[in-house]
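Peer 1: Provided herewith is a single structure, encoded as structure tokens, for subsequent inquiry.
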Amino acid sequence: MSDADERNPSGRKPLSLNRPGSGTVQQSFARGRSKQVVVEKKRKRAGGPGKDGADGAKGASDGKTKAQNLLAATAKKLGLSEEELIKRQRAIARARAEAAGREADKKREDEERAQRQEEERKALEDQRKREEDARRQAEEDAKRKVEEAEAARLAAAQAAEAKQKAAQEDGKPARKAAPAADKSRDRERERGERTDRGARDDRPARGPRPNRDMPAAPAEPMTALEELGGRVKKKGGPNNLDKPGDQAKAAAPARNKSEPKRRQGKLTIQNLVEDDQDRQRSLASMRRAREREKQRRQGTQAREKVAREVVIPEVITVGELANRMAERAADVVKFLMQQGQMVRAVDSLDADDAQLIVEEFGHTVKRVSAADVEEGFISEDDAEDSKQPRPPVVTIMGHVDHGKTSLLDALRATDVAGGEAGGITQHIGAYQVQLKSGNKITFLDTPGHAAFSSMRSRGAQVTDIVILVVAGDDGIMPQTIEAINHAKAANVPMIVAVNKMDKPDADSMRVQQALLQHEVVVEAMGGDVQVVEVSAKTRMGLEELTEAIILQAEVLELTANPDRSAEGSVIESQIDKGRGPVATVLVGKGTLKRGDIIVAGSHWGKVRALVNERGQQMKEAGPTEPAEILGLDGAPEPGEPFAVVDSEQRARDIVNYRIGLKRERSNTPVGGATASLEQMMARLQQKEVQELPILVKADVQGSAEAITHSVEKIGNEEVRAKVIHAAPGGVSESDVLLAKSSSAPIFAFNVRASKQARELAEKEGVEIRYYSVIYDILDDVKGTLEGLLAPEKRETFIGYAQILEVFNITKVGKVAGCKVTEGVVKRGCGVRLLRNDTVLHEGELSTLKRFKDEVKEVHMGMECGMGFVNYSDLQKGDLIECFEVEEIERKL
């Protein structure tokens, strides 16, 4: 082989730019790299010489040309070279072939598995059939032996009776022989009794005495019928009976010598005939022996495997998976160890691994999600024929101090507002009023402060009718506008109650005209919104207001099904010191009864007590009836839906799923939270953001939520407040420890600290502030944050000085001899050194002298000596700019 052949073993011609049919293709690589590759089209030679060969070559050439054209067009359409297209087609073909092969292998394995299972089933059936035939044959043989023994006994009895009659006919000699025969028979009976008694006494302790000449007993025990038949078999040894006995003995079936001796005493037909010496086993004993034999044989058979449908959640332990498959946990662990996984019965598996294990054990799989536990928690709407009329739910909304609670008190004939701090409602309340006509109305009273916007939103979502209370002397205010927006968002009808009409400056028409700006058109102006003029103080217009509510409820046709499990919403929740978690709920449909198991948000419990707004115990609460429930394991979030479940296990499953979901949401950043967190960390490192940690404890969950939202809105990009913990209930020792570790004050809203918590707070130096009005909390937080703000620095120009000469003084450094050309120069002011209108240095004056004396300031036109702090690059002709910096406190 030549050197050229060694370098090119394939025999192909090298690529060249000058060869016909060649070209270049740009080949792309990773990271934006590319390369020009020379590509040559290879042509196949025509087959066969002569005319036919030429024609064949021409046809092949034409066909190849068409195929090449089609290939080139396809490659051009896909933006690929022909070689790359061919490689892709081959790869696709290989992938399809591999997929088809895998499918065929899987199908073949399934068929082989099904065939093996069918063969095992047939083998088990054949074995069971053989054992049943053997048992039936053994029972028939035993029965036949018993019948033969009974026939022999009857024949012997008949022979003995004939012998006795013949002896009586012969006369005296026969009568003399009879006593001898009777004596012999008596002796034989006594000997048999002693032998049988000894056999019965020895058998329970030692069992029958084996015969030394006989072989070992068979492994399989005798059945009850075989043992009974063996009692009438012929025994060895001398026989003292007369001829009828000999005949009976000859008629009895012969005993097999290979069988062991069952009795040591002599067994005769006469012993079987005597009633007092009956040796047969009872029927119950025979049945017990037969049942034991049947159980023994069934225990030796292999159990038939039952295929089950195994429900697999997203995560399951090995022990639970084995329990659902009805397999031993040790078998599952052994299988996993064979697969290379060292696990225990308490270890968890994901759904995919569990599915593989279940299929390997021959069961079917049903995959379920963790969210399936909430299926059917909130049921669908009931049928129309099962619904009954229900009272309307009315929410009173409006601006703060417009008389909402006072109006409700006038309707309830109670004084709820008198016990409120600051004269404002701090949390939502639910009450039911029964009118003189017998109709009932459920009222929800919402706070009017801006901080309680979320409360008003929840009130609008669970209500049927919204009453917008507007003071006739005050008009439309910001929270009034917000209440209108909440009512529109909830798509509920609205009734406007113009309150405080007893005041001389109250003007209802002005209020109605102002409502037009917010697209609220009253009936007097051609709209559909009712307007009622009322006065909570003089009780004016209350009957008209209730009539308007009843009329609107009749138009809405409000109905609900009371004969079902209860569902509704949580209005408010709190931690009571004596009663524990207390939740105010509003039943939407169904009837809530004492003892029901309910789930509300991430809390559950069994209803131990139902209390109405007057503190009276109730047995049940029907649709749209508010009630306080006791028995939950915590205070649920206001606005959470609640429902009655059928079991405690279902309640635990739902709560555990919701707790896990909440934990995942708190740990997982949403949207751009990652970038925001990085920016926050960068700002903290640069000390750009200062946070004020606060711990909030309130009387109810809604107040804690409102305080949290309001406090976190205070601040800017430099300072802000952060609520590290907010919960209902009094201040406990754990709250003090948390505040200590976080260096945060505790804001107690309408609650107090326990004695132990106060002592611990004094010891640890934790500040506890008590509040009863939300305004005070917001003002204190705002003032504290303003104190954390860095003051604003404002610069004020005071003068210029020209350097006339620079002096180098020992132990002092360079000092500039200057002349003040404008303004004034003061000791301690800020200075900038300018050279050719360029700032070279900014700092402070170290010295300011007039002749040899230190002076406080030098005015324009006067000369002085000036020295800079830590700077000595001074030249003649430089200009010094003097200024003062003023710090101004900032406000939020």
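According to our numbering, the sequence shown is numbered sequentially starting from -10.
Note that the Cβ used here is the ideal one computed from N, Cα and C, for glycine as well.
CB residue 878 to CB residue 780, shorter than 7 angstroms?
Peer 2: Their beta carbons are under 7 angstroms apart, which means residue 878 touches residue 780 by this criterion.
Peer 1: Alpha carbon to alpha carbon, how far is residue 371 from residue 724? Give it in angstroms, no decimals.
Peer 2: Cα to Cα, the separation comes out at about 46 angstroms.
Peer 1: Checking the sheet assignment: what are the DSSP bridge partners for residue 824?
Peer 2: Answer by DSSP bridge pairing, in chain order: 827.
Peer 1: Which term fits residue 467, buried or exposed, when burial requires 16 or more other beta carbons within 10 angstroms of its beta carbon?
Peer 2: Exposed: under 16 other Cβ atoms inside 10 Å.
Peer 1: So, does the segment 584 to 591 touch the segment 514 to 523, judging by three or more C-beta pairs under 8 angstroms?
Peer 2: Short answer: they don't touch.
Peer 1: Residue 749 lies in the alpha helix (DSSP H); which residues open and close that run?
Peer 2: That run of the alpha helix (DSSP H) goes 744 to 753.
Peer 1: Counting only the same chain and skipping the five closest in sequence on each side, list residues whose C-beta sits under 7 angstroms from that of residue 481.
Peer 2: Taken in chain order, the residues that qualify are 449, 452, 453, 454 and 455.
Peer 1: Among 605, 595 and 616, which residue has its Cα nearest to the Cα of residue 635?
Peer 2: Comparing Cα positions, the closest option is 595.
Peer 1: Among 789, 856 and 385, which one has its Cα closest to the Cα of residue 798?
Peer 2: Ranking 789, 856 and 385 by Cα distance to residue 798 puts 856 first.
Peer 1: For residue 378, write down the residues that DSSP places opposite it in a beta bridge.
Peer 2: DSSP output for residue 378 lists 548 as bridge partner(s).
Peer 1: Expressed to the nearest angstrom, what Euclidean distance is found between the alpha-carbon atoms of residue 746 and residue 384?
Peer 2: Near 39 angstroms, if we compare the C-alpha coordinates of residue 384 and residue 746.
Peer 1: If you pair each beta-carbon of the segment 783 to 801 with each one of the segment 860 to 879, do three or more pairs fall below 8 angstroms?
Peer 2: Contact between the segment 783 to 801 and the segment 860 to 879 is present, because at least three Cβ pairs lie under 8 angstroms.
Peer 1: May I ask you to report which of helix, strand or coil DSSP gives residue 190?
Peer 2: Summary for residue 190: the model assigns pLDDT 45, below 50, so the residue's position carries little reliability; its value from the coordinates is reported in the next sentence. DSSP places residue 190 in helix when its eight states are reduced to three.
Peer 1: Using a 10 Å radius around the Cβ and a threshold of 16 neighbouring Cβ atoms, would you call residue 545 buried or exposed?
Peer 2: Exposed is the call here.
Peer 1: So, is residue 350 buried or exposed, given that buried needs 16 or more other C-beta atoms within 10 angstroms?
Peer 2: Answer is buried; the Cβ neighbour count reaches 16.
Peer 1: Would you report the Cα separation of residue 103 and residue 96, rounded to the nearest angstrom?
Peer 2: Cα to Cα, the separation comes out at about 11 angstroms.
Peer 1: Buried or exposed, going by whether 16 or more other CB atoms sit within 10 Å of the CB of residue 796?
Peer 2: Burial call: exposed.
Peer 1: Over what stretch of residues does the alpha helix (DSSP H) that includes residue 401 continue unbroken?
Peer 2: Taken as a continuous stretch (DSSP letters only), the alpha helix (DSSP H) holding residue 401 covers 393 to 401.
Peer 1: Take residue 682 and list the residues in its own chain whose beta-carbon comes closer than 6 angstroms to its own, dropping the five residues that flank it on each side.
Peer 2: Answer for residue 682: 711, 713, 731 and 733, listed in chain order.
Peer 1: Can you give me the Cβ contacts of residue 167 inside the same chain, cut-off strictly under 7 angstroms, excluding the 5 residues immediately before and after it?
Peer 2: Only weak support is given to the placement of residue 167: the predicted model assigns it a pLDDT of 43, under 50, and the value that follows is read from those uncertain coordinates. Only 156 meet the Cβ criterion.
Peer 1: When burial is assigned at 16 or more other CB atoms within 10 Å of the CB, is residue 314 buried or exposed?
Peer 2: It is buried - the Cβ of residue 314 has at least 16 other Cβ atoms within 10 Å.
Peer 1: Going by CA-CA distance only, name the one from 342, 325, 322 and 301 that's closest to residue 357.
Peer 2: Taking only the C-alpha atoms, the option nearest residue 357 is 301.
Peer 1: Pull up the distance between the alpha-carbon of residue 876 and that of residue 698, whole angstroms please.
Peer 2: Each residue's Cα considered, the two are about 32 angstroms apart.
Peer 1: Rounded to the nearest angstrom, what separates residue 729 and residue 694 at their Cα positions?
Peer 2: Cα to Cα, residue 729 sits roughly 22 angstroms from residue 694.
Peer 1: Whether or not the segment 626 to 644 and the segment 548 to 557 are in contact is what I'm after, with contact meaning three or more pairs of Cβ atoms, one per stretch, closer than 8 angstroms; do they touch?
Peer 2: The segment 548 to 557 is in contact with the segment 626 to 644.
Peer 1: Given this structure, state the Cα-to-Cα distance separating residue 832 from residue 679, to the nearest angstrom.
Peer 2: Cα-Cα distance, rounded: 29 angstroms.
Peer 1: Roughly how many angstroms separate the alpha carbons of residue 690 and residue 347, rounded to a whole number?
Peer 2: Each residue's Cα considered, the two are about 47 angstroms apart.
Peer 1: Would you mind working out which of 462, 609 and 800 sits nearest residue 498, comparing C-alpha positions?
Peer 2: Nearest option by C-alpha distance: 462.
Peer 1: Return the CA-CA distance between residue 135 and residue 149, expressed in angstroms with no decimal places.
Peer 2: Each residue's Cα considered, the two are about 21 angstroms apart.
Peer 1: Note down, in chain order, each residue of its chain lying with its Cβ closer than 7 angstroms to the Cβ of residue 287, except the 5 sequence neighbours on either side.
Peer 2: Nothing listed; no residue qualifies.
Peer 1: Would you list the residues sitting across from residue 456 in a DSSP beta bridge?
Peer 2: Partner(s): 385 and 484.
Peer 1: In whole angstroms, give me the CA-to-CA distance for residue 871 and residue 767.
Peer 2: Roughly 43 angstroms separates the two Cα atoms.
Peer 1: Using DSSP with H/G/I as helix, E/B as strand and the rest coil, what is residue 570?
Peer 2: Residue 570 falls in the strand class under three-state DSSP.
Peer 1: Got a sec? Which residues, its chain only, sit under 6 angstroms from residue 760 by beta carbon, not counting five neighbours each side?
Peer 2: 738 and 766.
Peer 1: Count the other CB atoms within 10 Å of the CB of residue 776; is the residue buried (16 or more) or exposed (fewer)?
Peer 2: So residue 776 ends up on the exposed side.
Peer 1: I'd like the span of the beta strand (DSSP E) that includes residue 803, first residue to last.
Peer 2: 802 to 815 is the span of the beta strand (DSSP E), which, as asked, contains residue 803.
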